[in-house]
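Numbering-wise, the sequence shown is residues -1 to 206 according to the working numbering.
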Amino acid sequence: MGIKKKIKIFIDVLMFADFLFLMSHEFTRDLYAHGCLGIALFFLFLVHHFLNPGFFRSLPKGHFNRQRILLCTTDLLLLLLMLLMAFSSVMMSGSIFEFSSIQMTSWSRPLHTFSCSWGFLVMGFHLGIHLKRTLGKLPAIPYISLVIFSMGLGLSCAIHSEFYVYLFQMNMWKRSATNLFQCVGELLGMTAGMIGVASLFGKRKKAP
-1 MGIKKKIKIF IDVLMFADFL FLMSHEFTRD LYAHGCLGIA LFFLFLVHHF LNPGFFRSLP
59 KGHFNRQRIL LCTTDLLLLL LMLLMAFSSV MMSGSIFEFS SIQMTSWSRP LHTFSCSWGF
119 LVMGFHLGIH LKRTLGKLPA IPYISLVIFS MGLGLSCAIH SEFYVYLFQM NMWKRSATNL
179 FQCVGELLGM TAGMIGVASL FGKRKKAP
């Protein structure tokens, strides 16, 4: 594995860990740290795209099969959601950073909650698309069992945490988890669920 590949993986791991912390804000309750790590997340997102310039260069080229359409749609949707997160964050920055004179509007927090909720799920789906090639090398029975288990786990976590509320109703952020560890566990479970859903799309590479 080359150094550039290792850097890409390191950046992706940092992004995921950062996103987990930000999505656990109900328990961390540090607005300043939340704002700083939110800026860091967007910076890491830009670095991620800087290290993967081929995606945008190749958009107008080649044949669009189902797998490529799925990947491009997911990437562009995630980009849109990240921009909405950043925009809504800027519109709330006056309540976090002293140097910002921007006054928070009535719609900025609901938009932030909405875009973050969908962004987290789309990120999990995006991760699943890239992991499919690796997971697909498993024998058929373990692969199918893992996909079913991960989707069941994700659905269970989404229902128990009431995460689905924020996907369709832009309410204030409040989940049913009683502590930080439960909150992170539910977020990880939903990520596993989205990886499982992504595994349903496209053909699986059969194990040798």
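Yeah, the Cβ is synthetic: ideal placement off N, Cα and C, and Gly gets one too.
Predicted, not measured: the structure shown is a model, and the values here were computed from it.
DSSP state of S22, grouped into three classes?
S22 falls in the coil class under three-state DSSP.
Is the separation between the beta-carbon of L78 and that of M121 shorter than 8 Å?
Not closer than 8 Å, so no.
With a threshold of 16 other CB atoms inside 10 Å of the CB of F43, please say whether the residue is buried or exposed.
By the neighbour-count rule (16 or more Cβ atoms within 10 Å), F43 is buried.
Per DSSP, what kind of secondary structure is V182 in: helix, strand or coil?
It is helical.
In terms of alpha-carbon separation, which member of C70, M90, G191, V182 lies closest to D16?
The candidate whose alpha carbon is nearest that of D16 is V182.
Who are the Cβ neighbours of K3 in its own chain at under 7 Å, not counting the five residues just before and after it?
The answer is none, since no qualifying residue turns up.
Looking at H124: is its Cβ nearer than 8 Å to the Cβ of T72?
Yes, the pair counts as a contact, with Cβ atoms nearer than the cut-off.
Is it right to say M(-1) is buried, meaning 16 or more other beta carbons lie within 10 angstroms of its own, or is it exposed?
By the neighbour-count rule (16 or more Cβ atoms within 10 Å), M(-1) is not buried but exposed.
Would you say T111 touches the ligand FMN, meaning its beta carbon is less than 7 Å from a heavy atom?
By its list of ligands, the structure shown contains no ligand whatsoever, and the ligand FMN lies outside what it can speak to.
Measure the C-alpha to C-alpha separation of F8 and R55 and round it to an integer number of angstroms.
Going from the Cα of F8 to the Cα of R55 covers about 23 Å.
If the criterion is Cβ atoms closer than 8 Å, does the pair L109 and L133 meet it?
No, the Cβ-Cβ distance between L109 and L133 is not below 8 Å.
If H46 sits next to M13, beta carbons under 8 Å apart, how far is it from one beta carbon to the other, in whole angstroms?
That belief holds up - the Cβ atoms of H46 and M13 are roughly 7 Å apart, short of 8 Å.
Would you please state the rounded distance, in angstroms, between the beta carbons of L153 and L18? I believe it to be under 8 Å.
That pair is no contact at about 19 Å.
Thinking C-beta only, is S115 closer than 8 Å to F161?
Yes; because the gap between Cβ atoms is below 8 Å, this pair is in contact.
Applying the 10 Å Cβ sphere with the 16-neighbour rule, what's the burial state of I100?
With fewer than 16 other Cβ atoms within 10 Å, it is exposed.
Quick one: measure Cβ to Cβ for G126 and M192, integer angstroms, because I've assumed they're closer than 8 Å.
Yes, they are in contact, since the Cβ atoms of G126 and M192 sit about 6 Å apart, within 8 Å.
Who are the near neighbours of H23 in its chain, counting only those whose CB is closer than 6 Å to its CB and skipping five residues on each side?
Contacts found: H32.
State the start and end residues of the unbroken alpha helix (DSSP H) segment that holds K130.
Element bounds for K130: 106 to 133.
How is G33 classed by DSSP in three states: helix, strand or coil?
Here G33 sits in helix by DSSP.
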